[in-house]
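Notes follow the structure.
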Amino acid sequence: MARLPGLPPGDLNAEQQALYDSIAGGDRAKDASFPLTDDRGALIGPFNALLYNPGVGDAVQQLGSALRFHGELSGAVRELAILAAATHYDCEFERWAHEPIARRVGLTDDQVAALRTGTQPDLEADDLKAAYHVCQSIMHNKSIGDDAYARAVEALGQDGVVELLTVVGYYGLLAQLMNAFEVEPPA
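Rendered as structure tokens:
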């Protein structure tokens with residue numbers, strides 16, 4: 004059971020309601036890749052936790068929306084990074100939410116399965132290979148070697164590497180929130 008009770012719309016103050024509306028009525032709702040609310044209308048996943056501090060929560064959700072819906076990385080690179088972070092932080096909700104998206108944007112079942120188990124997937128595209136190595140390096144070594152960095156800049160561009168590392172950090176933040184508050188995917 005989650006440590007933070009779900010906050011249904013009728014229990015929200017004005018600041019929480021504005022954040023709720025932004026999440027439940029924004030790009031995530033239009034995308035409809037996974038449900039955002041439970042049967043009472045309370046936000047699920049990391050979004051309920053964000054309601055408990057709406058000033059910070061709004062900044063966090065705006066970053067996530069920018070990365071997911073307005074970034075320059077390909078969907079496959081972005082979802083590879085998200086799933087790598089989900090495995091690194093052992094976050095079942097992120098896996099539940101993003102494995103179907105990863106398949107939809109072109110990752111294969113075998114690649115998704117490898118990411119789930121923390122093994123290197125068979126990747127042919129240079130951008131995916133470079134992204135995978137950057138993700139693993141920053142999460143496991145807390146830095147990126149010169150060769151991996153150069154390959155990433157060549158494959159993704161400097162701006163792409165910045166975005167990639169921001170994706171890893173953002174989804175790491177969400178995973179830590181969900182792990183700390185014991186958030187699980189819906190049954």
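Numbering (this note's numbering), first residue to last: 4 to 190. Even for Gly, the Cβ is constructed at its ideal location relative to N, Cα and C.
By the neighbour-count criterion, in which 16 or more other beta carbons inside 10 Å mark a residue as buried, T120 falls on the exposed side. The continuous alpha helix (DSSP H) containing G60 extends over residues 57 to 73.
By the Cβ neighbour-count rule, G58 is exposed, with fewer than 16 other Cβ atoms within 10 Å of its own.
Contact check for P49 against L177 passes: the beta carbons are separated by less than 7 Å.
A direct Cα-to-Cα measurement between E185 and G172 gives close to 19 Å. The region 94 to 103 makes no contact with the region 52 to 70; the number of CB pairs closer than 8 Å stays below 3. The residue from P11, E75, D42, A45 with its alpha-carbon nearest to that of G160 is E75. If you compare the alpha carbons of R107, D162, H91 with that of Y135, the shortest gap goes to H91. In the displayed model, T40 falls within a strand according to three-state DSSP.
Taking every protein chain shown into account, the CB of D130 has 16 or more other CB atoms within 10 angstroms, so this residue is buried. In this model, P11 and K145 are separated by some 39 Å (Cα to Cα).
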